[in-house]
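**Student:** Protein chains in written order, with this note's numbering: chain A, 2 to 102; chain B, 854 to 1093. The beta-carbon is built from N, C-alpha and C at its ideal position, and this holds for glycine as well. My questions will all concern the structure given below.
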Amino acid sequence: MSADTVNTALIVLLGVVTYGLRVGGYLVLARFSRLNPRVEAALDAVPVAVITALVAPVALVTGAAESIAAAVTVVAALKLPILPTLAVAAVAVTVLRAAGL
Amino acid sequence: MQDRIASTESGRAWRQDVTQGLLDIWPIVVATIPFGMVFGTVASAQGLSFTDSVLMSALMFAGLAQFTALELWVHPLPFVAIVLSVLAVNLRLVLYGAAMGRRIGHWSAPARYTGISVITDPTIALVELRGGQRLSGVYYAAVALPIYVNWVVMTGIGYFVGSLIDDPQAIGLDFVVFAYFVHVLLAFRGRPGAIWVILASAAASVVTYATVGSPWHFASGAAAGIAIAAATAKPDGATA
């Protein structure tokens, strides 16, 4: 199979999975009025846990330029709206990489 | 009999729902224009075809999960890791589907299954805000259609822009996705217990990344963070 065929197959699968979650909530979860608190806490934590797992290696073990730019990004994200944060991050990493870090 | 009210009356309610929906959604549509474009640009940088990029936005319509998938999109494709990551990031859609489902019992079945297929973060907030017990289908269409069409079209435009960029890494484009994730993550920092989830996930993912390698850092970090959250949950429903 060509790379494009594999890409398309995975994308369709991801679409099906995502639709399944949306409809699954409607068909299954709507029947329960209250969830177990541990299940609810685990569900609540999913986005934070997942995103952290994705960004932590980029910030800590990719390279000096990425680590410094990551620190700059965190400060920017705390002070600025999202779009300026993206611009600051791109500029910071570009400058630091150009500096040879 | 009730639904045979003079047609001028129902026409007025219809127009009111459309107006209210468009008023509620337009700031969100404007705010998501750059993200749709960034997604298209990153997808082109990752080597996806134009059709696949637009197809992904059209079929998934879930920005965070789409960016997560792209982050892991290297050949040979780690199918299991990508599917698991999308499942994890999109788990909240189960809750959205349930919350929306309680309000649309009066819709036809095709309308229910189509409407639920595009429920997402900003629209569930509006559904909760305006929906009441019986969500107006006209209002929902006025909210959901513009943001859906916008996301798909902006992906296409962003892809075109991305195809003009020779070396995405040279202008820090790879880091834009990282910054997007950091911003989203920091928005969650006020949640009780979030700091422990972040620390557990970061530690597990960095150690796994350095020892086993990608994409397993993703699964181990996510599992560690979720386990901490479940373990520290208070029985009364409040998270520790």
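#1: When you compare only the Cα positions, how much space is there between A941/B and G1025/B?
#2: How big is the Cα-Cα spacing for V1014/B and A1023/B?
#3: By Cβ distance below 7 Å, which residues in the same chain neighbour Y1062/B in space, the five residues on each side in sequence not counted?
#4: Specify, as a first and last residue, the run of the alpha helix (DSSP H) that L1017/B falls within.
#5: If you measure between the beta carbons of A46/A and G1078/B, is that distance less than 8 Å?
#6: Counting C-beta neighbours from all protein chains within 10 Å, is the total for L11/A 16 or more, i.e. buried, or is it exposed?
#7: I want to see whether chain A comes within less than 8 Å of R865/B, judged by CB atoms only; does it?
#8: Should A100/A be flagged as near chain B, meaning a C-beta pair shorter than 8 Å?
#9: Count the other CB atoms within 10 Å of the CB of G1090/B; is the residue buried (16 or more) or exposed (fewer)?
#10: Between A1075/B and A50/A, what straight-line distance do the alpha-carbon atoms span, to the nearest angstrom?
#11: Using a C-beta cutoff of 8 Å, does V24/A count as contacting chain B?
#12: Please confirm if A1083/B has its CB atom under 8 Å from at least one CB of chain A.
#13: Using a C-beta cutoff of 8 Å, does D905/B count as contacting chain A?
#14: Which residues mark the beginning and the end of the alpha helix (DSSP H) in which T921/B is found?
#15: Using the C-alpha atoms, what's the distance from V871/B back to M1007/B?
#16: Taking Cβ positions, are A93/A and V73/A nearer each other than 8 Å?
#17: Using a Cβ cut-off of 7 Å, which residues of the region 9-20 of chain A contact any Cβ in chain B, in chain order?
**Tutor:** Result, derived from the coordinates:
#1: 27 Å
#2: Between V1014/B and A1023/B, the alpha-carbon positions lie close to 15 Å from each other.
#3: H1070
#4: No alpha helix (DSSP H) holds L1017/B; DSSP gives it neither H nor E.
#5: A contact, by the Cβ cut-off of 8 Å.
#6: buried
#7: For R865/B, not one C-beta of chain A is nearer than 8 Å to its own C-beta.
#8: Closer than 8 Å: no.
#9: Annotation note: pLDDT 46 at G1090/B (below 50); position unreliable, no value reported.
#10: 5 Å
#11: yes
#12: yes
#13: By the rule that beta-carbons nearer than 8 Å mark a contact, D905/B touches chain A.
#14: Segment G916 to E924, the alpha helix (DSSP H) holding T921/B.
#15: 23 Å
#16: yes
#17: T9, L11, I12, V13, L14, L15, G16, V18, T19 and Y20
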